[in-house]
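Colleague: Once you've had a glance at the structure underneath, I'll fire off some questions.
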Amino acid sequence: MKIINKTIQIQTKCENDIINISDLVEKEIRSTDIKNGSVTVFIKHSTAAITTIELDAGLEKDFPNMLKRIAPDDLSYEHEKKWHDGNGKSHVKASLIGPSLTIPFNNQKLLLGTWQQLIVLECDIKGRPRDIVLQIFGET
Amino acid sequence: MKIINKTIQIQTKCENDIINISDLVEKEIRSTDIKNGSVTVFIKHSTAAITTIELDAGLEKDFPNMLKRIAPDDLSYEHEKKWHDGNGKSHVKASLIGPSLTIPFNNQKLLLGTWQQLIVLECDIKGRPRDIVLQIFGET
Amino acid sequence: MKIINKTIQIQTKCENDIINISDLVEKEIRSTDIKNGSVTVFIKHSTAAITTIELDAGLEKDFPNMLKRIAPDDLSYEHEKKWHDGNGKSHVKASLIGPSLTIPFNNQKLLLGTWQQLIVLECDIKGRPRDIVLQIFGET
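As structure tokens, then:
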């Protein structure tokens, strides 16, 4: 049994950018000698989120559009009164989805479904560098 | 310390079907010799979700009804334009709730609250067979 | 490798109370000899939730306000017809956010972002004592 911590950095392009990190995470698992276990994927930010989705061109719009219905762009957020950074909506979306998932893997392959990708959603109002902790744990 | 992977399959009956899998998961834990640890429950699908709820006849309706307010049936989803399978709403609901939970157990008993059940929510527009990975980890 | 289970109890003050438990959880990690690993934080209740947020006075209001848009106070919930306890909305909010997070730590420090706190959100209609399981796992 072994635990290995890694941090990967991605760069999002804009608000609502969705990045498929499945291959990136699997590559990091394969760079270790851990064969069977799980990876906890944890994004160290309060305006970005981690989940899974079937990532196609349609859902790339539908998922952010759903979040806009919950946290509209044109609403007055209390967060703005102090910070004036325009991302009150971003914080509440990210907290609702959550910052983390734990995904089992076997033979260094994530046990995702065929149409299921591990993604980062940029909830902030512009693209940003994002640090993601990967804690890879299991049997060598 | 030991890790055991299992896959269980359930069959949902219809859209918004909620299945309590607490007993099923505990049974799988008891079929191992791991006494104290955690189980990561991961559904390998992009139109079904895992969470906990107090599962009574009322909330069985209230939870899906809330999701309908977020992702209405009669909205035009971009996903539909390519796939025409009527489940754009299903994908966005499932991604919002999430596909996975990690639940601690002790003496092979899940550490859930008295009124708290581990559930699968069918977000798709009809019942389906659903594969759920259980990664059981801990001390024998 | 070692697993240690702890239960902490907090007292929420009222509906929508948000409690930052980051320091409390780190203190529990430091009370063990586990240096590097992860903690699964699991709230044993169906009307309270766990997530991360940048906890400032603005978002303390914005996050509950968003949830009110999804699960309004004045809606008729099926849960009420049997229980008449006024917390149908609380259950659906808590199930949507989720009861748990797994957070990696290193040198007994949670690997959270600079502006990211681990929080409990009280979704019920009054403050309550809340039991939270911490399963601390890793290398000594």
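Residue numbers (this note's numbering), protein chains in the order written: chain A, 221 to 360; chain B, 221 to 360; chain C, 221 to 360.
Even glycine gets a Cβ: it sits at the ideal position worked out from N, Cα and C.
Here the structure is a predicted model, which is why all the values come from computation and not from measurement.
1) For Thr-360(B), would you say it is in contact with chain A, using Cβ-to-Cβ distances shorter than 8 angstroms as the test?
2) Can you pull the chain B residues whose beta carbon is under 7 angstroms from the beta carbon of Lys-255(A), in chain order?
3) Going along the chain, which residues of its own chain have a beta-carbon closer than 6 angstroms to the beta-carbon of Lys-310(C), five neighbours each way excluded?
4) Return the residues of the segment 293-305 of chain B that lie within a Cβ-Cβ distance of less than 8 angstroms from chain A, sorted by chain order.
5) Would you mind sorting His-265(B) into buried or exposed? The rule is 16 or more other CB atoms within 10 Å of its CB.
6) Measure the CB-CB distance between Leu-330(C) and Ile-241(C) and report whether it falls below 8 angstroms.
7) Quick one: Cα of Ser-258(C) to Cα of Thr-322(C), how far?
8) Does any C-beta atom of chain B lie closer than 8 angstroms to the C-beta of Gly-347(A)?
9) Measuring CA to CA, which of Phe-262(B), Ile-230(B), Thr-272(B) and Arg-289(B) is closest to Thr-334(B)?
10) What residue ranges within the segment 247-310 of chain A form continuous alpha helix (DSSP H) runs of no fewer than 4 residues, ordered along the chain?
11) Just how far apart, CA to CA, sit Glu-280(A) and Ile-238(A)?
12) Across which residues does DSSP place Lys-226(C) in a beta bridge pair?
13) Would you call Gln-328(C) buried or exposed, if buried means 16 or more other Cβ atoms sit within 10 Å of its Cβ?
14) By the criterion of Cβ-Cβ separation under 8 angstroms, what are the contact partners of Asp-282(C) in chain A?
15) Rounded to whole angstroms, what's the CA-CA distance from Pro-324(B) to Phe-262(C)? Just pull it up for me.
16) Mapping DSSP to helix, strand and coil, what is Lys-313(A)?
17) Using a Cβ-Cβ distance under 8 angstroms, would Pro-324(B) count as near chain C?
18) Buried or exposed, going by whether 16 or more other CB atoms sit within 10 Å of the CB of His-304(B)?
19) How would you write the range of the beta strand (DSSP E) that Ile-345(B) sits in, first residue to last?
Modeller: In short:
1) Within the second sequence, residue 360(B) is the residue found at index 140, counting from 1. When Cβ-Cβ separations below 8 angstroms define contact, Thr-360(B) makes no contact with chain A.
2) For the purposes of this step, residue 255(A) is taken as the residue at position 35 of the first sequence. Neighbours of Lys-255(A) on chain B: none; closest Cβ ~10 angstroms, over 7 angstroms.
3) Sequence index remark: in the third sequence, residue 310(C) carries index 90 (1-based). For the sequence presented, residue 310(C) should be read as Ser rather than Lys. Cβ neighbours of Ser-310(C) beyond the five flanking positions: Thr-267, Cys-343 and Asp-344.
4) Tyr-297, Glu-298, His-299, Glu-300, Lys-301, Lys-302 and Trp-303
5) Start at 1 with the first residue of the second sequence, and residue 265(B) comes out as number 45. Looking at its Cβ environment, which holds 16 or more other Cβ atoms inside 10 Å, His-265(B) is buried.
6) As a first step, residue 330(C) must be located in the third sequence, where it is residue number 110. As a first step, residue 241(C) must be located in the third sequence, where it is residue number 21. No.
7) On the third sequence, position 38 is the one that residue 258(C) refers to. On the third sequence, position 102 is the one that residue 322(C) refers to. The straight-line gap from Cα to Cα measures roughly 7 angstroms.
8) Here residue 347(A) corresponds to residue number 127 of the first sequence, with the count starting at 1. The beta carbon of Gly-347(A) sits no closer than 8 angstroms to any beta carbon of chain B.
9) Taking the first residue of the second sequence as position 1, residue 334(B) is located at position 114. Ranking the options by Cα distance to Thr-334(B), first place goes to Thr-272(B).
10) Positions of the alpha helix (DSSP H) runs, each at least 4 residues long and wholly inside the segment 247-310 of chain A, are given as 279-290 and 298-303 in order along the chain.
11) As a working mapping, residue 280(A) is identified with position 60 in the first sequence. As a working mapping, residue 238(A) is identified with position 18 in the first sequence. The alpha-carbon atoms of Glu-280(A) and Ile-238(A) are separated by roughly 7 angstroms.
12) Numbered from 1 along the third sequence, position 6 holds the residue referred to as residue 226(C). Paired residue(s): Leu-354(C).
13) As a position in the third sequence, residue 328(C) is number 108, starting the count at 1. Result: buried.
14) On the third sequence, position 62 is the one that residue 282(C) refers to. At a beta-carbon threshold of 8 angstroms, the residues of chain A lying near Asp-282(C) are Tyr-297, Glu-298, His-299, Gly-308, His-311 and Val-312, ordered along the chain.
15) Here residue 324(B) refers to the residue found at position 104 when the second sequence is read from its first residue. Here residue 262(C) refers to the residue found at position 42 when the third sequence is read from its first residue. Straight-line Cα distance between these residues: approximately 8 angstroms.
16) Working through the first sequence from its first residue, we reach residue 313(A) at position 93. Three-state result, Lys-313(A): helix.
17) Mapped onto the second sequence, residue 324(B) falls at position 104. By this cut-off, Pro-324(B) is an interface position.
18) What you label residue 304(B) is simply residue 84 of the second sequence in a count that begins at 1. With fewer than 16 Cβ atoms within 10 Å of its Cβ, His-304(B) is classed as exposed.
19) The residue given as residue 345(B) occupies position 125 in the second sequence. Element bounds for Ile-345(B): n/a, residue is neither H nor E.
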